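**Q** One line per chain: the protein sequences are A and B, in this order.
If you use our numbering, the first sequence corresponds to residues 1 to 549, in order.
If you use our numbering, the second sequence corresponds to residues 1 to 451, in order.
Quick reminder that beta carbons are idealized off the backbone N, C-alpha and C, glycines included.
From a predicted model like this one, the values you see are computed outputs, not experimental measurements.
I'd like to ask some things about the structure below.
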Amino acid sequence: MRRREQDSDPEEEIGKDIRRILNGENVREGADERAGQSARAQNSRPQMTPPPENARDVREREKARRRAEKELARRRNRERRKRNGPYVFITYAFVALFIVLVIHLIYFQLHMKDDILNSPYNKRQDSAAEYVTRGEITTEDGIVLAKTDTSGDGTESRTYPYGREYCHVIGFTTHGKSGLESKENYLLLTAHNNVFDQIINAFTGKKNPGDTVVTTLNAGLQDAAYHAMGNYQGAIVALDPATGEIKVMVSQPTFDPNTLASDWDSMVADSSNSQLLNRATQGLYAPGSTFKMVTTLAYFDKYRTLDGFHYDCTGEFPVGNITVHCYDGAVHGELDFTGAFAHSCNTSFSQIGLDVGNAALTKAAKKMLFGAKLPSDITASKSRWSLTDASGDADLVQTAFGQGQTLVTPYHMALIVSSIANNGVLMTPHLVKEVTNDAGSPVTETAVEANRKLLNTDEASVLQNLMRAVVTDGTARALSDRSYEAHGKTGSADYVKGDGSVGTHSWFAGYANKDGRSLVVVVLAEDGGAGSTTAVPMAASVFDTYFGG
Amino acid sequence: MNLLTQLSKYIFIFLMLLFALRDYTYLGRHDEDKKLKVLKSQVRLIFIMEILGYAIIFGNTLEVRVLLLLMGILLYNAVTLLCYRSFYPKCSMLLVNNMLMLLGVGFIMIARINFDQAWKQFLIAALGTAVALVIPVIIRKLRILPRLKWLYAVLGIVALMGVLALAAVSGGARLSISIGGISFQLSEIVKITMAFYVGSSLAQDTSLKNIIITTVVAIIHVGILVLSTDLGTALVFFVMYIAVLFVATRKPVYPLAGLGVGALGALLAYHLFAHVRKRVEAWRDPFQVYSTSGYQIAQGLFAIGAGGWFGTGLYLGKPNTIPVATKDFMFAALCEEFGIIFCICLLMVCMSLYILILNISILIRDRFYKLVALGLGTEYAFQVFLTVGGVTKLIPMTGITLPLVSYGGSSVISTICMLAIIEGMYILREDEGEEVVEKKRTRLRSGRRDR
């Protein structure tokens with residue numbers, strides 16, 4: 001270290017200093033100052049003679065010499081630091097980059113890892129199947145929906161006791177993975193069983209049991225919804241707006257997950273009814289009159305009240321080169337906003353659409369997550385919003401009452417209703433309640449948390465009142481005489497069938513409260529006709545099962 | 001075997017941790033004896049690591065050629081250490097140790113993923129080290145080196161034009177030429193020539209005129225690389241130039257302006273070139289573009305996640321599922337089977353290598369060598385940052401290798417040469433030191449005689 005200092009002092013000045021020090025000049029000067037009177041007296045002599053060699057002087061001289069050396073070293077250091085400042089700066093800057101990398105690695109390990117490993121694309125975990133028996137999937141109350149059976153010779157087969165009823169939401173593991181089998185693949189193939197058992201299994205070559213995924217699905221409710229759908233194609237979604245727990249997810253037509261491996265080829269070849277598609281989260285449909293909830297929101301946001309609205313429905317509304325008709329040729333006559341909403345008057349909402357305008361309607365739709373990625377445990381499509389700056393009045397009006405090019409999934413509709421029912425706050429929707437080990441001790445629990453606030457309380461309450469009016473004296477009167485207080489909006493969405501004729505999708509989107517409990521139900525029955533005739537009774541049967549009639 | 005592998009992964013971590021610690025305790029030791037002890041213990045760690053690694057590879061493959069390669073590697077380590085110690089007693093043996101350790105980790109991981117590549121890597125490293133042994137002499141004796149700036153510039157640009165031509169012919173897919181079955185990336189040589197060019201130019205003259213000329217030449221280098229889709233190397237050159245410019249002029253305004261221009265350039269490149277946009281997309285959400293550009297990054301992330309703190313153990317992970325696992329994604333493969341802790345220690349070894357390079361840059365007197373060492377060191381450190389940051393999704397992936405550890409003929413040779421140049425400077429500095437001491441002594445003596 002010492003040599004290094006000497007080596008790296010190129011400055012001539014400092015070099016001179018050092019030489020002086022080493023020659024003893026500087027030392028003598030320093031010593032003279034402090035050597036006392038005797039030394040000063042000697043100064044008067046013309047020729048310099050060495051100071052007297054007593055012990056005190058020697059000590060003083062040594063001290064001064066050391067002090068001077070220190071001072072020089074300090075000066076040298078300062079010089080060097082000044083000269084090398086930028087080098088040192090660069091060194092520290094890049095050392096900082098290394099530290100950032102290390103911190104990021106640790107952060108990755110602590111916070112990013114699980115999400116990444118959980119990705120359905122992660123095939124790596126499948127190799128764990130050599131050591132782990134895939135875990136079970138159950139309903140919230142422990143009814144097994146998927147399990148792995150091991151036969152005597154060790155071959156495993158995945159079986160689904162309820163087969164078709166839960167086929168889309170649970171998914172499959174043959175031909176790739178889907179549904180919860182895909183989403184929870186990582187944990188299903190991770191064993192958190194007793195450590196001693198694990199060690200014993202390691203020695204005996206037995207597999208460890210994978211973790212159990214406990215879903216939020218409610219067996220009784222799913223069963224009711226599944227049977228209520230009957231032979232209709234479509235979907236039913238039900239969830240608890242206060243927690244975001246998804247209680248029901250039915251999609252028809254179904255497939256049998258137990259025989260999927262052998263059915264696969266014929267099923268893929270037959271493209272007519274796409275059984276593999278989960279219509280609840282991936283089926284895109286015209287929203288029909290259920291969209292009037294969004295149009296109402298746009299109107300309320302623009303005028304801050306619904307009171308001033310009156311419209312005389314004559315059953316038709318000409319706009320551009322089309323004429324809007326009310327459903328089934330109805331003529332509603334004089335209506336206020338509540339009446340227009342409750343009776344689902346298309347001509348009134350055409351006028352409302354024109355009043356609101358393209359920009360405000362688009363704003364409200366974006367606010368309700370149209371075109372946005374939805375929070376979801378399993379694959380969910382984005383709803384499609386089609387109004388642009390170039391759209392004319394005809395497009396605007398049709399969109400306002402739910403026809404036009406806008407498309408929505410039943411799941412998305414359930415999230416919209418959920419936020420209305422929960423006073424504007426959308427709770428994070430989830431399908432997995434918790435993950436436990438084979439003995440039932442929890443491994444991870446899904447937190448109940450707010451996802452985002454879609455509406456303020458005024459907006460939510462306006463929509464709540466309107467949706468109540470639909471039940472008390474509108475298109476969903478069938479729900480009015482129940483023990484629970486139902487709210488909702490029906491929809492009848494026209495669409496063009498494959499053969500060119502026009503069909504009507506039957507919608508119901510609503511919720512009900514009883515004794516502090518509430519449930520959101522969204523029904524879509526393909527080609528089911530008017531919402532009030534097909535979808536409302538289906539919803540009623542789900543509500544009845546949940547609240548007890 | 002399984003149990004042995006499980007056990008070995010903890011031993012690997014322990015060995016690496018010890019090695020990395022020795023790197024830093026060495027810097028704190030002043031006693032030559034103690035320094036020697038640290039060095040010797042590091043050499044032992046390198047040999048144990050290599051033997052253990054290859055024992056596990058042999059246990060899993062039961063192929064005799066594994067043992068042959070191990071012999072070769074051990075011999076190579078011994079000869080390299082011996083040569084440097086006897087030919088260049090004044091060189092930094094710590095630098096040699098670090099180089100051998102990084103190469104050694106690479107030898108194990110590459111052999112585990114693709115044994116043929118490990119052979120090639122070994123041969124190239126041995127060849128490269130042999131050739132590089134003369135470099136310190138050249139640095140020491142060839143005093144003309146600081147004045148050859150135009151030679152460096154011309155060499156660099158010609159080599160890069162070659163890269164561009166290749167990229168144009170192969171549609172950006174191929175950036176290397178193949179010599180005798182070993183692909184050679186021309187941009188690797190340019191890493192050295194450009195550092196020399198910038199160093200010699202700015203060491204002589206930091207007038208505004210010369211700065212402008214040097215900047216133009218640097219921009220040509222970077223521009224050609226961006227056009228030939230080698231974004232990683234382009235960034236490395238850019239950052240190196242900014243660092244050297246700052247140190248040479250001591251004016252923060254230059255690097256700040258440089259960073260501003262760089263940010264603008266990056267924005268422009270993002271909008272102009274689809275290949276830049278693709279990288280950024282894949283970085284933001286690799287799963288969104290999983291089927292195309294996100295695939296590699298996603299596989300890399302799965303690997304790192306699967307490894308966890310302690311790794312899966314050699315042969316118990318699936319690094320083969322990562323595309324180009326032995327090159328750009330080497331760090332992910334290491335994370336999977338050796339674990340994050342091991343990899344953090346590895347990063348610490350890389351950092352100590354960087355500190356050793358910057359150390360000589362600070363100590364040496366000659367301005368040209370000061371700047372060259374800084375340039376080479378910056379290139380090395382930033383390359384490590386880009387590849388590790390890219391693989392771990394801290395920054396967009398730029399398609400660049402982990403020097404010495406990753407498989408890649410040209411990268412290994414150029415890094416070994418770069419370290420040899422640094423060794424040359426360590427020797428040069430010792431000479432400088434002796435000159436100073438010598439001068440002082442003569443002056444002292446003459447001073448005394450005068451009296």
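1. Using the rule of at least 16 other Cβ atoms within 10 Å of the residue's Cβ for burial, across every protein chain shown, is residue 293 of chain A buried or exposed?
2. Please report whether the beta-carbon of residue 352 of chain A lies at a distance below 8 angstroms from any beta-carbon of chain B.
3. Given that a residue counts as buried once 16 or more other Cβ atoms are within 10 Å of its Cβ, and exposed if not, what is residue 507 of chain A?
4. For a test of the three-state rule: what should DSSP assign to residue 209 of chain A, helix, strand or coil?
5. How long is the line joining the alpha carbons of residue 311 of chain B and residue 342 of chain B, rounded to whole angstroms?
6. Name the chain A residues whose beta carbon is nearer than 8 angstroms to that of residue 351 of chain B?
7. Less than 8 angstroms between the beta carbons of residue 496 of chain A and residue 215 of chain A, yes or no?
8. Reducing DSSP to helix, strand and coil, say where residue 273 of chain B ends up.
9. Let me see if you follow: with CB-CB separation under 8 angstroms, is residue 139 of chain A close to chain B or not?
10. Which residues, taken in chain order from the region 225-254 of chain B, show a beta carbon closer than 8 angstroms to some beta carbon of chain A?
11. What does the alpha-carbon distance come out to for the pair residue 6 of chain B and residue 315 of chain B?
12. Along the beta strand (DSSP E) that carries residue 433 of chain A, what are the first and last residues, could you check?
13. Secondary structure at residue 442 of chain B, three-state DSSP: helix, strand or coil?
14. Using the Cα positions of residue 45 of chain B and residue 34 of chain B, report the straight-line distance between them to the nearest angstrom.
15. Please name the residue or residues paired with residue 442 of chain A in a DSSP beta bridge.
16. Span of the beta strand (DSSP E) holding residue 87 of chain B?
17. Are three or more beta carbon pairs between the region 401-420 of chain A and the region 186-193 of chain A nearer than 8 angstroms?
18. If you reduce the DSSP assignment to three classes, tell me which class residue 511 of chain A lands in.
19. Contact between the region 349-365 of chain A and the region 379-390 of chain A: three or more CB pairs below 8 angstroms?
20. Check the Cβ of residue 88 of chain A against every Cβ in chain B and list those closer than 8 angstroms, keeping chain order.
21. Should residue 271 of chain B be counted as a contact of the ligand COA given a C-beta to heavy atom distance under 7 angstroms?
22. Can you tell me the Cα-Cα spacing of residue 196 of chain A and residue 208 of chain A, whole angstroms?
23. Any idea if residue 74 of chain A is buried or exposed, counting beta-carbon neighbours within 10 angstroms, 16 or more meaning buried?
24. Just the Cα atoms here: how many angstroms apart are residue 229 of chain B and residue 107 of chain B?
25. List the residues of chain C that residue 392 of chain B touches, going by C-beta distances under 7 angstroms, in chain order.
26. Counting Cβ pairs closer than 8 angstroms, one from the region 461-479 of chain A and one from the region 428-445 of chain A, do we hit at least three?
27. Residue 130 of chain A: buried (16+ other C-beta within 10 angstroms of its C-beta) or exposed?
28. Whether or not the region 214-230 of chain A and the region 256-264 of chain A are in contact is what I'm after, with contact meaning three or more pairs of Cβ atoms, one per stretch, closer than 8 angstroms; do they touch?
29. Applying a beta-carbon distance threshold of less than 7 angstroms, which residues of chain B neighbour residue 628 of chain A?
30. At least one CB of chain A closer than 8 angstroms to the CB of residue 173 of chain B: is that the case?
31. Whose C-beta lies closer than 7 angstroms to the C-beta of residue 290 of chain A among residues of the same chain, with five residues either side of it excluded?
32. Can you list the residues of chain A that residue 305 of chain B reaches, using a CB-CB cut of under 7 angstroms?
33. Is any beta-carbon of chain A found at less than 8 angstroms from that of residue 256 of chain B?
34. Given a threshold of 16 other Cβ atoms within 10 Å of its Cβ, counted over all protein chains shown, does residue 82 of chain A qualify as buried or as exposed?
35. Pick helix, strand or coil for residue 402 of chain A, following the three-state DSSP scheme.
36. Taking residue 102 of chain B as the query, report the chain A residues whose CB atoms sit under 8 angstroms from its CB, ordered along the chain.
**A** Quick look at the numbers:
1. buried
2. no
3. buried
4. strand
5. 8 angstroms
6. 95, 98
7. no
8. coil
9. no
10. 243, 246, 247, 250
11. 10 angstroms
12. 432-436
13. It is helical.
14. 17 angstroms
15. A/436
16. For residue 87 of chain B, there is no enclosing beta strand (DSSP E); the enclosing alpha helix (DSSP H) has its first and last residue at 64-87.
17. no
18. strand
19. yes
20. 362
21. This structure lacks the ligand COA, and indeed carries no ligand of any kind.
22. Cα to Cα, residue 196 of chain A sits roughly 11 angstroms from residue 208 of chain A.
23. exposed
24. 29 angstroms
25. The structure shown contains no chain C; its protein chains are A and B.
26. no
27. By the 16-neighbour rule on beta-carbons within 10 angstroms, residue 130 of chain A is exposed.
28. no
29. Because chain A spans 1 through 549 in this model, residue 628 of chain A falls outside it and cannot be assessed.
30. Caution is warranted here: a pLDDT of 49 is assigned to residue 173 of chain B, below 50, making its placement in the model unreliable, and no coordinate value can be reported.
31. Excluding residues within five positions, the ones whose Cβ falls inside 7 angstroms are 402, 413, 489, 491, 507, 509.
32. 113, 116, 117
33. no
34. exposed
35. coil
36. Under the 8 angstroms cutoff, chain A gives no residues; its nearest Cβ is about 14 angstroms from residue 102 of chain B.
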